[in-house]
Amino acid sequence: MPAGHEDIGLPQDDEAFMRYRERRIQELCGKVEEVVSEKELIEKTKSLRMIVHFYKPEFKRCKTMDKGLEEVKDCFPGIRFYRVNAEICPVVARKLEIRVLPFLGFFKDGYFVDQVVGFEKLGGDSVEPEVLKKRILDSNIFKPISSI
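Position one of the sequence shown corresponds to residue 7 (this note's numbering), numbered consecutively onward.
Take a look at the structure:
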């Protein structure tokens, strides 16, 4: 190891590094991560593809949406899933015109490209996993930015 460099535990060969990288991608894409500040949310929207659940902790429907997202997230390894308390990001909420919770914001390459308001088109008073998967598949998140 070169002088002045510490071993931080990363694999030394390319094959091991690629296995490590793939495992980390799966770990990060495989969960709905909590965003704790508006600044962090704005920074994360630069991600390739992401869905953000804007919620309020005491809303039963928001908890139902959380469960629905947990059920479908593994079907979309190329999408990062986040959740954020809508009250901590008033500027973003105002810009996206969020008036109803739960609210799913779909982002691609830094652009807001689609949304789900409440349980709109998801199955009434519940979130049906198959309906949610179809809604994500049909969203603008998979379309080229130039065609949106």
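Ideal Cβ positions, reconstructed from N, Cα and C, are used throughout, including at glycine.
1) Just the Cα atoms here: how many angstroms apart are valine 97 and lysine 45?
2) Verify whether the separation of the beta carbon atoms of phenylalanine 113 and methionine 71 is less than 7 Å.
3) Per DSSP, what kind of secondary structure is glutamate 40 in: helix, strand or coil?
4) Would you be able to state if there are at least three C-beta pairs under 8 Å between the region 138-149 and the region 87-102?
5) Given isoleucine 154, which residues of its chain have a CB within under 6 Å of its CB, disregarding the five upstream and five downstream residues?
6) Cβ atoms of proline 108 and arginine 67: under 7 Å apart, would you say?
7) Tyrosine 61: buried (16+ other C-beta within 10 angstroms of its C-beta) or exposed?
8) Considering just the uninterrupted stretch of the beta strand (DSSP E) at arginine 55, what are its terminal residues?
This is what the structure holds:
1) 10 Å
2) No, the pair does not count as a contact, with Cβ atoms beyond the cut-off.
3) strand
4) no
5) Val119, Asn146
6) yes
7) buried
8) First-last of the beta strand (DSSP E) with arginine 55: 55-61.
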